[in-house]
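Asker: I'd like to ask you about the structure that follows.
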Amino acid sequence: MNQQFAYTGKQLAEIAQDLVAKARHLGASDAKVSISEMSGLSVEVLDGRVTTRTVHTQSSISLTVFRGQRQGFTSSTDFSPANVQRMVSAALDIARYASEDPDACLVDSAQLSTVELDLQTDNPWSLDIEQAVQHVRQVEDGIHRLGAEVRSDGASLETARSQMLLATSQGFCRRSQRTDHSVTARVIGSRDDQRKTDSWTDYRTAPQLLMAPEQVGEIAARSAIESLGSRSISSRSCPVLLAPQAAHSLVHHFHQAVSGGELSRDASFLRDSLGQRIFAEHLDVFENPFQLYGTASGCFDSDGVVGQQRAVVDQGVVRGYFLSAYTARRLGMVSTGNAKGAYNLSLKSRLTKDSDDLTAMLGKLNNGLYITHLIGDGVRLATGDYSRAAQGFWVENGEIQFPVDHVTVAGNLRDIYAGILAVGSDSMTLGKVSGGSILINDLRIGGQ
348 MNQQFAYTGK QLAEIAQDLV AKARHLGASD AKVSISEMSG LSVEVLDGRV TTRTVHTQSS
408 ISLTVFRGQR QGFTSSTDFS PANVQRMVSA ALDIARYASE DPDACLVDSA QLSTVELDLQ
468 TDNPWSLDIE QAVQHVRQVE DGIHRLGAEV RSDGASLETA RSQMLLATSQ GFCRRSQRTD
528 HSVTARVIGS RDDQRKTDSW TDYRTAPQLL MAPEQVGEIA ARSAIESLGS RSISSRSCPV
588 LLAPQAAHSL VHHFHQAVSG GELSRDASFL RDSLGQRIFA EHLDVFENPF QLYGTASGCF
648 DSDGVVGQQR AVVDQGVVRG YFLSAYTARR LGMVSTGNAK GAYNLSLKSR LTKDSDDLTA
708 MLGKLNNGLY ITHLIGDGVR LATGDYSRAA QGFWVENGEI QFPVDHVTVA GNLRDIYAGI
768 LAVGSDSMTL GKVSGGSILI NDLRIGGQ
């Protein structure tokens, strides 16, 4: 696939700077322009038959103008000079009638990013439709290797290349480029009268980092087969071990709870948590905007502010929030460069040893529930109350006994974070979060 852009970086800069100049000329005190462009390919097969194949492109331009403390916003997919002029007029009209907001303004010039690093996030995948189809058929080959108890429910591949340019009336004008590649297997396992669906997705910024397609299929198929014959268990409280793919959600919930949007609305159970020990003392959470090939790497956010390589949690103590320029002003703080969310996050324990693989972590669990899947969104960030459907395996004496389904796990995130006993060495990166399995001292299990 030819993943070339319709516009060069120079052309995008000219469009953006012209838009800023027009807005200033017609009365804006400040202006910000964001332009994005993306080209991609996606294919899906089911039992070797192609069900979807698409080549797609997408582009957009957005303009934010300020009239003092009033703000107006407009966006379009039309880059023509005539439409650009209409965008300026529309945004200024919106700002004219908007309510005053003392926190609505561009970031201070001193905070604008000057960091220029090649983070190796732009790695086009040179494959055509037929090569993509062949790749996905190999995913199904991996599914079929696991035998007659599992069949494909579809396999897919998506690859996209995008560029984004940000320009402001302060003279900031920077472009970033990235690629996103993913391969997914969806399966149905069946035994007697029981059916289980499952899936696995491998997502990277560079195609050479993707696992072999057959391996993607095998992982999904094996997970479905292992869950066959599942049953519920009686309600109880017990230790819980979260597999890495389930454990990552705990880091996501923490990120949400200490993000500027929730904090500025006073809608988080972790409001005023700076300096407080929220996690167990042996735990750290790191953020790294400059991770090579990272799925959430970048040299500046949508405000133009650079992120920070930092310990957001240090020995269990919260040391930082995730703030945009706007939410930082509302909180009386300074932007952390997180207007687009968190960068690459990792949860680590100072107690973890190289030998703490799954076998070792099951031994530490001893008797309890090993969770491989968490389902639903039963988290109330305002209170920290936590309740989600789960499936996995019951473990006794460190050995898996039988698969478990139709249960819920419940608690409060404060108690869960404080009750983390260990983190495994079986680290896995899923999206913007990396980390191993997590052992929690106690959760309420709702069964039958």
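Position one of the sequence shown corresponds to residue 348 (the numbering used here), numbered consecutively onward.
Beta carbons are placed, not taken as given, at the ideal position from N, Cα and C, and that holds for glycine.
For the alpha helix (DSSP H) that Q364 lies in, which residues bound it at each end?
Answerer: 356-372
Asker: Helix, strand or coil: which one does DSSP assign to E561?
Answerer: helix
Asker: So, using beta-carbon positions, are V534 and A567 closer together than 8 Å?
Answerer: yes
Asker: Can you confirm whether the stretch 762-776 touches the stretch 587-595 when touching is taken to mean that 3 or more C-beta pairs between the two stretches lie within less than 8 Å?
Answerer: yes
Asker: Taking the straight line between their C-alpha atoms, what separation do you get for V402 and S389?
Answerer: 7 Å
Asker: For S620, which residues in the same chain have their Cβ closer than 6 Å to its Cβ, ignoring the five residues on either side in sequence?
Answerer: V665
Asker: The alpha helix (DSSP H) with E609 in it runs from where to where?
Answerer: Judged by DSSP secondary structure, E609 falls within the alpha helix (DSSP H) whose first and last residues are 607-611.
Asker: Using the Cα positions of G576 and R538, report the straight-line distance between them to the nearest angstrom.
Answerer: 8 Å
Asker: Rounding to the nearest angstrom, what Cα-Cα distance links G536 and V392 in this structure?
Answerer: 18 Å
Asker: From what residue to what residue does the beta strand (DSSP E) around S537 run?
Answerer: That run of the beta strand (DSSP E) goes 520-538.
Asker: Have a look at R583 and L790 and give me their C-alpha separation to the nearest angstrom.
Answerer: Rounded to whole angstroms, the separation of the alpha carbons of L790 and R583 is 8 Å.
Asker: Taking 8 Å as the cut-off, decide whether the C-beta atoms of S406 and E384 are in contact.
Answerer: Taking 8 Å as the Cβ cut-off, S406 and E384 qualify as a contacting pair.
Asker: Is L790 close to the ligand GTP? I mean its beta-carbon at under 7 Å from any heavy atom of the ligand.
Answerer: Although the ligand GTP was asked about, the structure shown includes no ligands whatsoever.
Asker: How would you label T461, buried or exposed, when you count the other beta carbons within 10 angstroms and need 16 or more for buried?
Answerer: exposed
Asker: Contact defined as beta carbons within less than 8 Å: I believe L709 pairs with G739. What is the distance between those atoms, to the nearest angstrom?
Answerer: Incorrect: roughly 11 Å between the Cβ atoms, too far for contact.
Asker: Would you be able to state if there are at least three C-beta pairs under 8 Å between the stretch 651-658 and the stretch 607-614?
Answerer: no
Asker: Please determine, among C646, G793, A757, S781, the residue with the shortest C-alpha to C-alpha distance to I787.
Answerer: A757
Asker: Measure how close the beta-carbons of A686 and S702 come, nearest whole angstrom, since I'm counting them as under 8 Å.
Answerer: Actually they do not touch by this definition, with Cβ atoms about 41 Å apart.
Asker: Determine contact between the stretch 432-444 and the stretch 410-419, defined as no fewer than three beta-carbon pairs at a distance below 8 Å.
Answerer: yes
Asker: When you compare the CB positions of I490 and G564, do they come within less than 8 Å of one another, or not?
Answerer: yes
Asker: Taking all protein chains shown into account, decide if G518 is buried (16 or more other Cβ within 10 angstroms of its Cβ) or exposed.
Answerer: exposed
Asker: State the DSSP-derived secondary structure class of T468, mapped to helix, strand or coil.
Answerer: coil
Asker: On the DSSP bridge assignment, give the partners of A737 in chain order.
Answerer: Beta-bridge pairing links A737 to L721, V754.
Asker: Taking only the alpha-carbon atoms, compute the straight-line gap between D650 and M680 and give it to the nearest angstrom.
Answerer: One C-alpha to the other measures close to 15 Å.
Asker: Just to confirm before moving on: does the CB-CB distance between F637 and L466 stay below 8 Å?
Answerer: yes
Asker: Using 8 Å as the Cβ pair cut-off and three pairs as the minimum, do the stretch 721-736 and the stretch 544-552 touch?
Answerer: no
Asker: With a threshold of 16 other CB atoms inside 10 Å of the CB of P560, please say whether the residue is buried or exposed.
Answerer: Buried, since its Cβ has 16 or more Cβ neighbours within 10 Å.
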